[in-house]
Structures are given as C-alpha cells and as structure tokens.
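Below is one structure, written out as structure tokens; comments come after it.
Residue numbers (our numbering), protein chains in the order written: chain A, 1 to 225; chain B, 1 to 286; chain C, 1 to 716.
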C-alpha cells in the first residue's frame, strides 16, 4: 500500500483510531526528508551562488609585474604626470613604454624586483608592457576624459577610479569569462551593490551621475560610438 | 532639451547636385572612415552596406536630350513631423537602439543595443539603413586598418550614417581641452564625405548657426509651412529642396540644383502638383 | 526515513530558492546579454594616439598630396592634404583606398621565381643574382639592345633610374604606357619644336572646349580637374563637351555636343577653318606663326569646310560656326581647348592633339591666364652622364624598335627571331591595359626572360619569370613630379608612412642594387647606395626643401615669352587613323568607357572602389555593354539580357544595359574590368575591353590611335 492510500485510509476512514501523535509523526516523516533536502539544496546552491559562482565566473590574472602607484605618485607629483590629456584633447590612458623611458632606463633606478623585471624584459627589448586595464570599457563606449576633467563640473580622478593612486600593490585583474569585461565594471560585489561611486562603472552609473549633475541622462551618442 | 534651444546644434548638409560628379569619393571616404566592411560580391545593392550611396538619376529622354545627375544619399537625419524629433525610424524602434539627439539633431544608432528587428528599415523612406546579414570579414591583415573611433558591427544589427559622430566627439575633446564648451568653428567638425569631396559639392555645418555656410545657402524657414504644419525648416532658396519634403520628415540633408527636372525628382508629384510647388517656391522667394 | 517524492521536491525547491537568493540569476542574465553584444567575430580595433603624416599619392598621374591618419603608427585613413598645390585637400576614391592596397589579397609577398606553371619564393639576393646572371649572358653575346623595359611613365627618379640602367646596359628600348603626359610632350614638340609639356589653366579659363576629355572621369590630374570643373559656375565659366556618349563630364557640362568618335580632329580643324575664314584669329600672336601657317590656313579652308566637317562628324553646320564664334569671343576671357578621350591613357592620336592645340594657338591663349601653357620640362633631376662601355655603345647604336609600347609589342611578335631577350616591367600592366591584351600576353610569354616589379600578382606579373615585388604607395619613398596638364609644376615626395607589410622593396633601390652587382661601367653609372642617396645628389637643388616640406613648387606662372608655332605637321593634312575591320561585317562601333570609380591603370581597382560600381557595370561576375535603346530594340535585345559581342580581336558574352545617352550605333564598355588575379573583390568581374580592341597605328607618330573597335552583337 502506498503512502497516499495509507494517509487516506488513516484520516479518511480510520480517523478515530489514529492518535494525533502518530499522525504527526507519520506526516513529519515525509515532510522531514523534504525539508532536509530543501535545506541542503538551498544551502549548497545559495552558498555556491555567493562563493563559488564568482570564482568560476571570473578568471584572475596577475599584472606582468607589480606597479607601485603610491611611489610613483609621490615621485612624479600627481596622476597627470603619467595619465594626461593629449593636445588634441584625447586621453593617453596607460602610458606607453616611451613615456616610462623618459625616466627609466635599462639600468633600474631603484632596487625593487619589479623594476628589474621591467628594465630587463621591456625596456631592454623595447616591448610595450601588456598591462591589464581594470577600468577598460567595451569597444562600443566612448568616454571623454576631457569632458569630465575640463568640463563645467571638473571631477578628480578619485571620483571614478577610487584610491588606486595610493595603492602599493596591483590587485589581480579579474576578467568575466562570459563578457570579457574587467570585474571593476560590474563591481567587486557580485550583486553589483556599490558603496562608493567608483565601485561600479556600468551605463546606469554614468546616467545616474549625469542626471544629477546635468539634469538629463544624455543622448546615446554622447558616450557610444 | 529641445531642438530650438539656443544651446542646441542642428547639424545638416546641403549638397550641390550641379557640382557632384558622381566620382564616388564620398562613398569610399565614408566606408574607410566608418569601418564599413566589403563583401566579395557587392553588386546586389540591397545588401551592399553603403551609408553614403550615390544614386544616378536621369531625365528619361532619348538621345541626345538625355541628361543625368548624381545624388549622394547619406542618412537624412529626419527631425520628424513638426521638428519634434520623432524621426520615422526612432518612432518604431522597440529597443531604443536608434534615438534622436536633441543637442545635435543627429539620429543615433547603437549597434550593441539593436536586436535586428529591422522595423526602422521598413520605416525609413530613404533606404538609408542597412542590415548586417553576415559577420563582417576582412582579408588577412586588413583588420589592421580599422579605426578605433567607430565600433565595427556584428551580424544581425542595423547600421547607417551617423554624420561621422565620432568626429563630433573628437572635436568636443579638443574644445574641452582648450577650455571651451561648445563647437563654434565650422571646420572643427566635418563629416568624412564633406572633407573628401573633390568637387566641394557637400557643405556641412550647424543649421542653427547663422555664420555657417550651410545655413547661409539653405536659409531654413524656422516656422512651419502654412499649408502643412508638419514641414519645418523648408529652404527659402528656390534652388534647394529636400527629399519627399511634403511627408514632413524634416530631413537635414538639403539638395541644390539649377535643373528643374532634378528638383522635380525630389518628391512624387501628382499631375499639376509640381508646377504649383515650383511656382509657389519661385514666387514667394524668387 | 525514506527518500520519497517530497524529498525531490524539497531538493528542487531548495536549489531554486538558493539560486534565486544568490546573485547567479541576475548576473548571468546581464552577462549573457552582454555576451551577445561583444560578439567574438567582431574585431576590436586598438586605440591609441592619433597622428597625421603627409605624403604624396603615386597611384595615378595626378600626384595628389595625402594626409595619412595613424593610430599609434598604424595607418587607418587617407585624407587629402590641405594646401597641397595640386589637390588642396580633395581626394579621389582610389587615393582613399591606398590603405586597402597595403593588404590587398593579390600582393606579391616575397620575390618569386617561376617554376613551370607556378611560382616559388626566393630571397632578394638570389633574385638579384639570377637577373645579373641572365643579363650578363645577354651582354656577353653582344646583344645588349635586346633588353627592354616597359614603364608606367618616364617621370621621376624611379622611372629614370630604369631608363638609365637600360642606357648603361646598352639598350634604347625603354617604353612608357600610353599616357596624357607623353601625348602633350609630343604635341609641344610637333607644334613648337620644343622639349616642353603643355598645361591648361582650367581654373581660370572662361570657356573650356573639351574634345572628349573626361574632366571628371579622371583626365589629367583628376582632383585638380574636379576642382576646376566645380568652380566653373561661380566663375561664370562654361564647359562644352564634345563626345559620342553622355559621360559624367558631358552631363555636368553646360552643353554636350555629340560627335562621332574618331572625328574630333576633323571638328577641331573645321573650327580652325571658320576662325581663319572669318579672320577671327589672334593677330598679336599670329606673328609667332611659322612658315607653314599659310599652307595650313589654305588646307583647312579647303579640306575642312563646315559642310565637309558636318558630314564627317555629325555635328550640324550651324553648331560648328557657333562653336567657333563662341570659342573666340567668349566673355573676353580666354577660352581653351583640350582633348584626349576619357582619361587619355588609352588611344592617343597626334593629329587630334595637334588640331586641338592649333585652336589654342589661333585664339592666342598660349601662356596666357586661362589658356594653354607651354612649360619647359621640369628638369629637377640632374643625373650625371651615363658611363658606357663598348658593349653598351654597340647596343645604343641600334635603333629603338618602336615609338610606343603597343608598337613595340606588335613588332617583336612580327619577327620570327625574337628581337628581345629580356623585359623589365615596372609600374605597368601591359597584358591587361594595352589593346589586344590577349595578343600582348602571348608576346610577353614568348620573351625568354621577363622581370616584373609589380606589387600585385597581376596579368603581366603572372607571365614573368621573376617577380621583384614593389612597395605600395604608402610604403615607398619616391619623388613624384606633377604633370598631366597641371599648370603648377610641383615635385612631391612620397614618404613611407608605414613599415613594409611584406618582403618588398622600392624598385628604385632594387635597380640600384642590380646595377651595383655588375662590374665596370654599369656599376659606375650608379654610384649611390640607394634611391634616397641618389635623390639627395641628383635633385640637390631642391632636396633640402623637398625632404623638409614634402613638396617644392618649381613654377606656378606662365612663361613670360611666347613660343613660335609650327603648322607644318598639320599643313600636310595627316591621315586620320581608321579602325581596323570591315564595317559591313561589323556594323556597330565599340568604345571604351572611362569610369572614375574603376581604376584602369597599373593597379586594379580596390575592394572599396569595386563596391561603389553600379549594378549596370558589374552584376555578380557579369560585365555590361551600354547600348542605346533604339539600337537595341532594332536588334531585339532586351535590357539586362545576355549578348555576345564580337570584334576582329575576339568575342565575349556580357549583358546589355539600356542607356539613352549613348549615340545610336555605338556600344560602350567600361574599361579596367575583367581582371585575372587572386583578388576576389575584383577578379573575373566583367570583361577586359582591351581584349576586344585591335590597335591601329597612326602614320607618322606611330601611336596606337584605336579609339574603339568595329563590333557586332547578337543574342547570347
């Protein structure tokens, strides 16, 4: 006799003969396994969604060698000695080897292992350093640094890039395996929850700020190409 | 922000069809500037992506009365009825992939947003929009001439002339660098076709700026036409016309010709309509 | 405890709830939508600093200034160069496409050596030493004159180094492909007895009387002509276009006068006759007219009466008289007459050029604003004398085989023993571009040793025994003098704006290297290390400015003095070359059409250019003939239907397209198609009209004057 029939039998016809305890215990038996399974499955999926999924979703790569922003900022006096607007108003982004070599030579200036790697592997062979860019937007995006630096409401670098200038170590570069975007675009938080303006750099974040600062979100072509 | 806001630009073009030689420089300049790919066979013109296409018109008369004229056709950047920004394509796009930019008057197309329904192609009266039936292909090495200022497109999306909007973006960068806000100089922002045209047949500029040559040639009427309120910006130059002007698409590409038969081909006139339109134009401003 | 259905339900629900409360769903939805946007097959061009590098385009005789936009040293776009004295910012579609030629699928990537029917890659050293070996043997056998060279032109140091190599080697057999510049030089020689060229001040001319010159079809220096044509409305200038077909130039002209092709010289002489008869010629300039002027005047009035000319040309008598009056009296500003059908790089007749030039002489616009200028040749290159030895002297004493490239190929075929042992081809594609192209190909096949310096595996390179691939326009340093009717004499310097994409060389460097591999007088004639070293010496007068500014304006004014005019050539009433073939058998006449969007020169069209071509020129692989609907309907030929076109030289199947603008009785076919090369964008599309035209040689000049061919068509 299967369970349904049993239950029917018990509650339908022989209800009088079944004690409440018995009934409950019998019910619990079925439900209990279900609940356990539910809890286990929930826990596994919930935890892997939070803990394992991000690990699977993002690959992690180290920069070719560590770059000490803090050291360079103090030596060079500010971000714009290396990251600046060119005379045509376009932004140079990450400096080329040529600009690094305005100070650096084949002979290291300091004693760090990282500079030794730089000099030996890149300066000596005149190879561009294949930096991994945390803030790289996809190809369809046109971002005007000039507009944000020299426009009506000038912004400082920290507003979007955070305190990278104070960092001594480069964090690993994490790339979304599906989209190919840097993790910094979506944000470190897997839900995409941001505490600071620089925590996330998706289109909505641009629009939000634009709405606040200029009164409208801007036209598509303002930031797309 | 509305079109007639004093801050807003309204970029447009006037093409002198009497100067146009049909040489094709504008077409190639456009393709090279905007990373338009090339297929092995481009003779099926419906599938051949040419943001700028030069049409050959003729007066259909026998030898030796035959005359021909070339008509370059970029996206007409319609402002829509009454100049309110409801371009035919923008009105039908379910994805906001194409939009009207009130600050420049340019109809934008965002390829990554487009999902290829092609409603806009059906809506466009000028066949200015093209669908990517295939992924673009470049022979070995040729990819390295692609410009980073314009995103290459993938299969399944619609593309069209953008008035070389990236050049506007670059011009803006320069303006910001120089500590200004607005592009005033005509030469600072020119489309690739305008720049390349060896005959100087294309004049491009801001129709809201009276100093710009295009405004001086076109002399657009800021008021709606009295018999058709949909039409705004009609030229007060009797030699200047727009394509299918009476639809009220309010295109920003104006054409100019001394030849009547050419002007007549600019719209589908019923018997007697052309004479009326021509006389009206001639008498009120001529 | 039993695992039952509820357990599974619990498992499922638990998993669902777990996933739902984790970020997986939201994140994957967002990521997968982005994934479709960053499509893996779509290239992402690398960003970088934008720079501009000025240079000069060498793709056609126009020699326009170009400005190459680069992104971190990667060229991405070619624009016209603002302020350049030839084109001032304008650019044609082929110039913009220079960027595509860099990566053209048909490029020859390394030096190649023929091995039976295929080619194998070899090194530059091997290639040079192979040529040295072969040429050495030819020289030893005492037949130095049996080396010939066919070049695109003879201007600029690269072409002149090839000519110099031939001289040092001992051969006179240097030929240029038909081009406007040589026709103009020959006209200046014939009419003024001067080593000069003719330039036309079109941008200041009041009335331009064009005998078929395709001002906007690529005649002369194309962009410069476009500009002059475009400004005519503002200047109140008029263009009268005389030709059989409503070309773009004719359509753009103020008046189109249809004329039977091949009778342009008659019309010009007819107008001369009216001017002379009415004594409307310029009396002031008439004092410079030479002895045979009277004879000429008598001849034209006798032989080229309005009635006669009207009969030959099909132009009404009244029209001829009107044209003459207009030409002389137009608005008091100078009128100028120009000629050379289409791009003028095809058939050229000296009679026609001389007759048209006579018009300019009669109205006295010579060296005047808006007229025809007789400019001394631009001699900025001062080469030292060639050092010759006995073998060279012996070779140089032999007569040049012909005066034209087409004549040269015809003659070497006619003789049973080959007169030529070795042939260099540089910046030219005779197997496609000369009339009777198939026959020319056969001739080239017969030459024992052919060396091609082409950048592409074109029709001629395919027949070569060795290919020494050249850089393309954007990779090459060379001096490029303006010409082709431009009044400003400019020398431009083309600069390498990108490192060579393949293992190619500048042909100038290659020929110097080859010369230096010889011992004795040949090496002595080439005392330079490379082309740049050579230029800095032989162009030392202008080199500093040239290398710094990228161009030098040698002169931009009309010469102060007036040249005398010699009418002797015309006074003899030279015969007009008639087309070969029987008119009864071939009732129609096929004329080549020059189309600006199709490149007819040494380089085939780019992918960009082919894309712009109308679907009545190429449809799929099919080519077209243009036919007047009246002619077509008589023959029962429908628009778009296939027809077989037969001429004495061959026959092809193409489609017919109706065009009211072509004279009834004529059919037209666009030039520059039907390429046989490894380039899917241009190969096998349409047919090569040159395969259908039989050359006819003009008596006296020896030039190929076949403006077309007799033809017949039938339904295919």
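The C-beta atom is built at its ideal place from N, Cα and C for all residues, glycine as well.
* Give the C-beta separation of residue 33 (chain B) and residue 201 (chain B) to the nearest angstrom, bearing in mind that I take them to be a contact with Cβ-Cβ under 8 Å. => Along the second chain, read from residue 1 onward, the residue named residue 33 (chain B) stands at position 33. Along the second chain, read from residue 1 onward, the residue named residue 201 (chain B) stands at position 201. About 18 Å; that fails the 8 Å criterion.
* Nearest CA to the CA of residue 390 (chain C): which residue from C:632, C:61 and C:142? -> As a working note, residue 390 (chain C) is residue 390 in the third chain. Considering only alpha carbons, the answer is C:142.
* **Start-end ranges of the beta strand (DSSP E) lying completely within the region 50-106 of chain B, minimum 3 residues** => 53-58, 68-73 and 98-101
* To do: Kindly indicate the opening and closing residues of the alpha helix (DSSP H) around residue 463 (chain C).
  => For the purposes of this step, residue 463 (chain C) is taken as the residue at position 463 of the third chain. Residue 463 (chain C) -> no alpha helix (DSSP H), and no H or E assigned at all.
* CA-to-CA distance, residue 189 (chain B) to residue 355 (chain C), given in whole angstroms -> Mapped onto the third chain, residue 355 (chain C) falls at position 355. Mapped onto the second chain, residue 189 (chain B) falls at position 189. One C-alpha to the other measures close to 48 Å.
* Asked: What are the residues of the region 121-139 of chain A that lie near chain B, defined by any Cβ-Cβ distance shorter than 8 Å?
  -> 138 and 139
* residue 549 (chain C) - DSSP class collapsed to helix/strand/coil -> Your numbering for residue 549 (chain C) matches position 549 in the third chain. In the structure shown, residue 549 (chain C) sits in a helix (DSSP, three-state: H, G or I).
* **Cut-off 6 Å between Cβ atoms - residues of its own chain near residue 153 (chain A), not counting five sequence neighbours on either side** => Numbered from 1 along the first chain, position 153 holds the residue referred to as residue 153 (chain A). Only 213 meet the Cβ criterion.
* Nearest-angstrom Cβ-Cβ length linking residue 17 (chain B) and residue 177 (chain B), presumed shorter than 8 Å -> As a working note, residue 17 (chain B) is residue 17 in the second chain. As a working note, residue 177 (chain B) is residue 177 in the second chain. Wrong, their Cβ atoms sit about 38 Å apart, outside the cutoff.
* Below 7 Å CB to CB, which residues in the same chain sit around residue 132 (chain A) once its five sequence neighbours on both sides are set aside? => The residue given as residue 132 (chain A) occupies position 132 in the first chain. If we look at residue 132 (chain A) and ignore the five residues flanking it on each side, its Cβ neighbours are 61, 63 and 173.
* **Three-way DSSP call (helix, strand, coil) for residue 161 (chain B) in this model** => Locating residue 161 (chain B) in the second chain gives position 161, where the first residue counts as 1. If DSSP states are grouped into helix, strand and coil, residue 161 (chain B) belongs with coil.
* Mind the definition here: the region 530-545 of chain C touches the region 153-163 of chain C only if three or more C-beta pairs lie below 8 Å; say whether that holds. => yes
* Asked: Roughly how many whole angstroms lie between the Cα atoms of residue 676 (chain C) and residue 334 (chain C)?
  -> Residue mapping note: residue 676 (chain C) aligns to position 676 of the third chain, counting from 1. Residue mapping note: residue 334 (chain C) aligns to position 334 of the third chain, counting from 1. About 46 Å.
* Listed from N- to C-terminal order along the chain, which residues in the region 67-90 of chain A have their beta-carbon within a distance smaller than 9 Å of any beta-carbon of chain C? -> 86, 88 and 90
* To do: Taking C-beta pairs closer than 8 Å, name the residues in chain C that residue 253 (chain B) reaches, listed in chain order.
  => Taking the second chain and counting its residues from 1, one reaches residue 253 (chain B) at position 253. The contacting residues do not exist; residue 253 (chain B) stays about 19 Å from chain C at best.
* So is residue 78 (chain B) buried or exposed if we call it buried at 16+ other beta carbons inside 10 Å? -> By one-based count along the second chain, residue 78 (chain B) stands at place 78. Burial call: buried.
* Asked: Can you check whether the CB of residue 115 (chain B) is closer than 8 Å to the CB of residue 95 (chain B)?
  -> In the second chain, counting from the first residue as 1, residue 95 (chain B) sits at position 95. In the second chain, counting from the first residue as 1, residue 115 (chain B) sits at position 115. Yes, they are a contact pair.
* Asked: With a cut-off of 8 Å, does the C-beta of residue 180 (chain A) fall near any C-beta of chain B?
  -> As a working mapping, residue 180 (chain A) is identified with position 180 in the first chain. Not one chain B Cβ lies under 8 Å of residue 180 (chain A).
* **Enclosing alpha helix (DSSP H) for residue 303 (chain C) [first to last residue]** => Residue 303 (chain C) sits at position 303 when you count from the first residue of the third chain. Where residue 303 (chain C) is concerned, the enclosing alpha helix (DSSP H) stretches over 293-303.
* Asked: Are there 16 or more other CB atoms within 10 angstroms of the CB of residue 203 (chain A), so buried, or fewer, so exposed?
  -> Residue mapping note: residue 203 (chain A) aligns to position 203 of the first chain, counting from 1. Exposed.
* Asked: Should residue 5 (chain C) go down as buried or exposed, given a rule of 16 or more other Cβ atoms within 10 Å for buried?
  -> If you number the third chain from 1, residue 5 (chain C) lands on position 5. Label assigned to residue 5 (chain C): exposed.
* Asked: Cα-Cα, which of C:302, C:587, C:451 and C:648 is closest to residue 572 (chain C)?
  -> In the third chain, counting from the first residue as 1, residue 572 (chain C) sits at position 572. Of the listed residues, the one whose Cα sits closest to residue 572 (chain C) is C:302.
* Partner residues on chain B for residue 144 (chain A), Cβ-Cβ distance less than 8 Å -> Position 144 of the first chain, counted from the first residue, corresponds to residue 144 (chain A). Near residue 144 (chain A) (Cβ distances below 8 Å), the residues of chain B are 169, 172, 173 and 176.
* Asked: Would you call residue 137 (chain C) buried or exposed, if buried means 16 or more other Cβ atoms sit within 10 Å of its Cβ?
  -> Stepping through the third chain from its first residue, residue 137 (chain C) is reached at position 137. Burial call: exposed.
* To do: Report the residue from C:713, C:546 and C:672 whose alpha carbon sits nearest the alpha carbon of residue 634 (chain C).
  => Residue mapping note: residue 634 (chain C) aligns to position 634 of the third chain, counting from 1. The shortest C-alpha separation from residue 634 (chain C) is found at C:713.
* **Cβ shell of residue 659 (chain C) (< 6 Å), same chain only, five flanking positions each side left out** => Indexing the third chain from 1 puts residue 659 (chain C) at position 659. Only 626 meet the Cβ criterion.
* Might you give, ordered along the chain, the residues of its own chain that have their beta carbon closer than 7 Å to the beta carbon of residue 310 (chain C), omitting 5 neighbours on each side? => Counted from its first residue, the third chain places residue 310 (chain C) at position 310. Hits under 7 Å: 316, 317 and 320.
* Determine, using beta-carbon pairs with one atom in the region 196-215 of chain B and one in the region 82-97 of chain C, whether at least three such pairs fall under 8 Å. => yes
* **Residue-chain proximity (residue 34 (chain A), chain B), Cβ-Cβ < 8 Å** => Here the question's residue 34 (chain A) lines up with position 34 in the first chain. With 8 Å as the cut-off, residue 34 (chain A) does not count as an interface residue toward chain B.
* Pick helix, strand or coil for residue 9 (chain B), following the three-state DSSP scheme. => Against the second chain, residue 9 (chain B) aligns to sequence position 9. Coil at residue 9 (chain B), not helix or strand.
* Establish whether the CB of residue 32 (chain B) and some CB of chain C are separated by less than 8 Å. => The residue given as residue 32 (chain B) occupies position 32 in the second chain. It does; some Cβ of chain C falls within 8 Å.
* Other residues of its chain near residue 471 (chain C): CB distance less than 6 Å, five sequence neighbours each side excluded -> The residue given as residue 471 (chain C) occupies position 471 in the third chain. Closer than 6 Å at Cβ, skipping near neighbours: 500, 504 and 506.
* What residues match up with residue 109 (chain B) in a beta bridge as DSSP calls it? -> Translated into the one-based positions of the second chain, residue 109 (chain B) becomes position 109. Paired residues: B:98.
* Can you list the residues of chain A that residue 227 (chain B) reaches, using a CB-CB cut of under 9 Å? -> Position 227 of the second chain, counted from the start, is the residue given in the question as residue 227 (chain B). By Cβ distance, chain A contributes nothing, its closest Cβ being about 33 Å from residue 227 (chain B), past 9 Å.
* Asked: Touching or not, the region 202-219 of chain B and the region 7-15 of chain B, by the rule of three or more beta carbon pairs under 8 Å?
  -> yes
* To do: Say whether chain B places a C-beta atom closer than 8 Å to the C-beta of residue 202 (chain C).
  => Mapped onto the third chain, residue 202 (chain C) falls at position 202. Closer than 8 Å: no.
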